[in-house]
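A.B. asks: Each residue of the sequence shown is one higher than the one before, counting from 4 in the working numbering.
Before we start, here is the structure in question, set down as structure tokens.
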Amino acid sequence: MKTKSFTLIELLVVIVIIGILAAVIIVSTSSSIGKANIAKVKVFENSVQNELGANMVSRWKLDEIVETTTTPDAWGSNTGTLGDGVTASTYPTLKEESECVTGKCMYFDGVDDYIDLGTNVMTFPNNSFTFSVWTNQKGYTNKGSIYNCIAGSGSMSDTGWGLALGSTNQFLIIGIANEFKTFSNSFLIDNWHHVVFVQDVVRDRAFFYLDGIPSSILTTTLELSGNYNFYLGRDIGLSRSGEQIMDDARIYNSALSTSQIKQEYIAGLNSLLASNSISEKEYNERINSLALNND
């Protein structure tokens, strides 16, 4: 009896079909894993927000611009005014979700883009507060100033505070009443960084955090009073600005602990990883760096 065998063409066809089926299964599985990761990120972010929510008095998601002049985010009765007061056009501009930490984010051109967050001094009954924001600096641009301002309030040479990138692209500078500190490690251009300013009146200290790690301590605190506006992208006293993308600014009416700030940072990292904005290698390196610091 003659036995029929497969021809080479038939074998190739079978192999191709198996390959197509395997590819479909892999894509389907990858999609399910991706959705699961996104779901886990949202759960963790919600848990962090629930824990810190009682002390958070304002959150600026920076996802939307209303009628070219304001954001829908608010601090009490204050909505964010963009650019140069009421004469703003579309400053700053929106970036898509794939470029941001959470949702959309805003690009500041380094010339005249900023957001006036307004003021609500009664929010801080004991003068302790925390201000946090994600920033992606695009390099130092000298616009008649000595640094690029990330955020601030008041004149740093008098009664204010500020978070900024120095002219060497290496230093973040903060100051209250002429007291300045610099930090030169691990701040990379074109990378997302979480920067936090904490005024702790109980401990009579002001702290600066970079990516969850306390980096500088000021031995002076400031008395919040009067018309004390907070800004993103400028210093009220000297109107400094810098080219950067910013996302998810938050104001708390208490001095957050180091562990709470680390939680907020990790939630942002999880979001960046889920959207493929950072690699798994970079994610692990950042988490390991955070774990090695026990302050």
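We put the beta carbon where it would ideally sit given N, CA and C, even for glycine.
When you compare the CB positions of Asn165 and Ala154, do they come within less than 9 Å of one another, or not?
C.D. replies: Looking up residue 165 in the sequence shown gives position 162. Looking up residue 154 in the sequence shown gives position 151. Note on residue identity: the sequence assigns Gly, not Asn, to residue 165. Against a cut-off of 9 Å, the Cβ pair of Ala154 and Gly165 comes out as a contact.
A.B. asks: Would you kindly check if the distance between the Cβ of Pro95 and the Cβ of Asp112 is under 9 Å?
C.D. replies: Reading the sequence shown from its first residue, position 109 is the one you call residue 112. Reading the sequence shown from its first residue, position 92 is the one you call residue 95. Yes, the pair counts as a contact, with Cβ atoms nearer than the cut-off.
A.B. asks: Give me, in chain order, the residues of the same chain whose beta-carbon lies closer than 6 Å to that of Phe134; leave out the 5 immediate sequence neighbours on both sides.
C.D. replies: Here residue 134 corresponds to residue number 131 of the sequence shown, with the count starting at 1. Excluding sequence neighbours, Phe134 sits near Phe200 and Ile254.
A.B. asks: For the alpha helix (DSSP H) containing Ser262, list its first residue and its last residue.
C.D. replies: In the sequence shown, the residue the question calls residue 262 occupies position 259. Looking at the DSSP string, the run of the alpha helix (DSSP H) that includes Ser262 is Thr261 to Ala277.
A.B. asks: Is the separation between the beta-carbon of Leu175 and that of Leu225 shorter than 9 Å?
C.D. replies: Within the sequence shown, the letter at position 172 stands for residue 175. Within the sequence shown, the letter at position 222 stands for residue 225. Result no, Cβ atoms of Leu175 and Leu225 do not sit closer than 9 Å.
A.B. asks: By Cβ distance, which residues of its chain are closer than 7 Å to Thr73, with the 5 residues on each side in sequence left out?
C.D. replies: Here residue 73 refers to the residue found at position 70 when the sequence shown is read from its first residue. Taken in chain order, the residues that qualify are Thr82, Gly83, Thr84 and Leu85.
A.B. asks: To the nearest angstrom, report how far apart Lys184 and Val204 are at their CA atoms.
C.D. replies: Here residue 184 is taken as the residue at index 181 of the sequence shown, counted from 1. Here residue 204 is taken as the residue at index 201 of the sequence shown, counted from 1. If you take the alpha carbons of Lys184 and Val204, they lie about 19 Å apart.
A.B. asks: Where does the unbroken beta strand (DSSP E) through Val226 begin, and where does it stop?
C.D. replies: Taking the first residue of the sequence shown as position 1, residue 226 is located at position 223. Checking the sequence shown, residue 226 turns out to be Glu, not Val. Element bounds for Glu226: n/a, residue is neither H nor E.
A.B. asks: Does the separation of the CB atoms of Val136 and Asp66 fall below 9 Å?
C.D. replies: By 1-based counting over the sequence shown, the position of residue 136 is 133. By 1-based counting over the sequence shown, the position of residue 66 is 63. Taking 9 Å as the Cβ cut-off, Val136 and Asp66 do not qualify as a contacting pair.
A.B. asks: Going along the chain, which residues of its own chain have a beta-carbon closer than 8 Å to the beta-carbon of His196, five neighbours each way excluded?
C.D. replies: The residue given as residue 196 occupies position 193 in the sequence shown. Taken in chain order, the residues that qualify are Trp137, Thr138, Asn139, Gln140, Phe190, Leu213 and Asp214.
A.B. asks: Look at Lys126 and Glu182 and say whether their C-beta atoms are less than 9 Å apart.
C.D. replies: On the sequence shown, residue 126 is found 123 positions in, with the first residue counted as 1. On the sequence shown, residue 182 is found 179 positions in, with the first residue counted as 1. Note on residue identity: the sequence assigns Thr, not Lys, to residue 126. Not in contact: Thr126 and Glu182 (Cβ atoms no closer than 9 Å).
A.B. asks: According to DSSP, is Leu14 helix, strand or coil?
C.D. replies: As a first step, residue 14 is located in the sequence shown; it is residue number 11 there, counting from the start. Of the three classes helix, strand and coil, the one that applies to Leu14 here is helix, per DSSP.
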